[in-house]
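*Asks:* Sending over a structure as structure tokens; questions will come in a sec.
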Amino acid sequence: MKPYKTPISALVLIHTPDLQVLIMERADKAGFWQSVTGSVEGNETPCQAAIREVLEETGLDATQYDFQDWQATNVYEIYPHWQHRYAPGVTQNREHLFGLELPSQLPIKLAPDEHVRYEWVDWREAAKRVFSWTNVDALKRLGAKHHLVL
């Protein structure tokens with residue numbers, strides 16, 4: 001049996017200097033768009049998990065670009081359809097936020113078991129399309145860093 005997921009994760013908002021944001025549609029939930037996200041594994045730090053998840057989900061090496069720990073977290077209720085992945089009684093996840101600025105819209109190599117397609121969209125459009133409020137929060141933070149509001 002696969003071990004339970006750790007209720008600590010990383011969300012990485014991948015974007016270009018002009019705030020085009022990478023969003024990906026989940027393979028296990030049609031119509032659910034998101035940024036790179038994933039749980040820490042073993043003794044990883046959230047930062048190490050973020051770098052690993054970027055590589056696994058996009059094929060990009062985050063350390064080769066402007067990777068930033070935003071020093072921010074969100075706590076959210078785990079969605080019921082994913083509750084079985086966590087130990088009994090675990091209902092909340094702590095998500096650490098990171099940013100990854102690329103010089104331009106680079107080609108992405110999706111992990112087919114995780115995502116079925118990707119798009120580069122304006123950060124405001126991304127905020128309308130992502131399914132989780134924590135992803136919207138990360139997008140608002142990106143805008144605020146550039147003195148823009150949603």
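Under this note's numbering, the residue at position 42 of the sequence shown is numbered 42, and the numbers go up by one with no gaps.
Note that the Cβ used here is the ideal one computed from N, Cα and C, for glycine as well.
(1) Using only CA atoms, which one of Trp133, Tyr4 and Leu139 lies nearest to Glu125?
(2) Let's see if you can read the secondary structure: which residues bound the alpha helix (DSSP H) around Leu142?
(3) Quick one: Cα of His81 to Cα of Asp137, how far?
(4) Considering only their Cβ atoms, is the gap separating Ile108 from Thr91 smaller than 8 Å?
(5) Only counting the same chain, and skipping five residues up and downstream in sequence, which positions put a Cβ closer than 6 Å to that of Val75?
(6) Below 8 Å, can you find three or more Cβ-Cβ pairs linking the region 24-34 to the region 43-51?
(7) On the DSSP bridge list, what partners appear for Thr73?
(8) Report the residue from Ile8, Thr37, Gln68 and Leu148 whose alpha carbon sits nearest the alpha carbon of Leu102.
(9) Is the separation between the beta-carbon of Val40 and that of Ser9 shorter than 8 Å?
*Replies:* Taking the definition as stated:
(1) Locating residue 125 in the sequence shown gives position 125, counting from the first residue. Looking at Trp133, Tyr4 and Leu139, the one whose alpha-carbon comes closest to that of Glu125 is Leu139.
(2) Numbered from 1 along the sequence shown, position 142 holds the residue referred to as residue 142. Leu142 -> alpha helix (DSSP H) spans Trp133 to Lys145.
(3) Indexing the sequence shown from 1 puts residue 81 at position 81. Indexing the sequence shown from 1 puts residue 137 at position 137. So the two alpha carbons sit approximately 22 Å from each other.
(4) The sequence position of residue 91 within the sequence shown is 91, counting from 1. The sequence position of residue 108 within the sequence shown is 108, counting from 1. No. Outside cutoff.
(5) Residue 75 sits at position 75 when you count from the first residue of the sequence shown. Excluding residues within five positions, the ones whose Cβ falls inside 6 Å are Gln92 and Arg94.
(6) With a cut-off of 8 Å, the region 43-51 and the region 24-34 do not count as touching, because too few Cβ pairs lie within range.
(7) Translated into positions along the sequence shown, residue 73 becomes position 73. In DSSP, Thr73 forms a bridge with His96.
(8) Within the sequence shown, numbered from 1, the residue matching residue 102 stands at position 102. Of the candidates Ile8, Thr37, Gln68 and Leu148, the one whose C-alpha sits nearest the C-alpha of Leu102 is Gln68.
(9) Residue mapping note: residue 40 aligns to position 40 of the sequence shown, counting from 1. Residue mapping note: residue 9 aligns to position 9 of the sequence shown, counting from 1. When the beta-carbon positions are compared, Val40 and Ser9 come within less than 8 Å of each other.
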